[in-house]
Amino acid sequence: MTTSPSGPRRRLAAVDTLMASPADPRVAARASVWLLRLAVEHALDDLWREHAPELVESSRRAQFLVLPKFLDAEDAWRVAELWNVLSRVAHHHAYELTPTRAEIANWRDAVGVAVAVLEWGVGEPLVIVGGS
């Protein structure tokens, strides 16, 4: 499966650049979470375009419901759980702490594995670390 230049791997590279930059750490952390979520979404979109084009316009909920038909059930669940964690963290609430660099790094690694799983249907076990 081919990915566009604006696809998931470009989002991962942007996270790496952002987290290494001298930008405000709170802004870099929030932006990184959004980019990580986008990487998962773009990898899903690439999967659907390749194998089930009718699902591209479906809701993420519907996409996650059918994902086990295209991936190992455990991997499908973990991709969905990772997306849910990133979604929860991305929607900032005043009473929540900004994600730490360690949390961003863990999610970055998990998204890298998730992207590989979505691209190839195989990969290392996907480990998800909870949100802040």
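Taken in order, the sequence shown gives residues 2 to 133; the numbers are from the working numbering. In this text, a Cβ means the ideal position worked out from N, Cα and C, and glycines have one as well.
Supposed contact pair residue j and residue i - C-beta distance, whole angstroms, cut 8 angstroms
i	j	result
V57	D46	6 angstroms
D76	V41	Not a contact, Cβ separation roughly 13 angstroms.
Cα-Cα separation between residue i and residue j, rounded to whole angstroms
i	j	result
V67	W49	11 angstroms
G8	A30	20 angstroms
S22	A44	25 angstroms
L98	Q64	30 angstroms
L83	K70	18 angstroms
- Evaluate contact between the region 103 to 118 and the region 12 to 27, counting only Cβ atoms and requiring at least three cross-stretch pairs below 8 angstroms. yes
- Task: Any chance you could list the alpha helix (DSSP H) runs of at least 4 consecutive residues sitting entirely within the region 72 to 119, in chain order?
- Result: DSSP runs (the alpha helix (DSSP H)) wholly in the region 72 to 119: 74 to 91.
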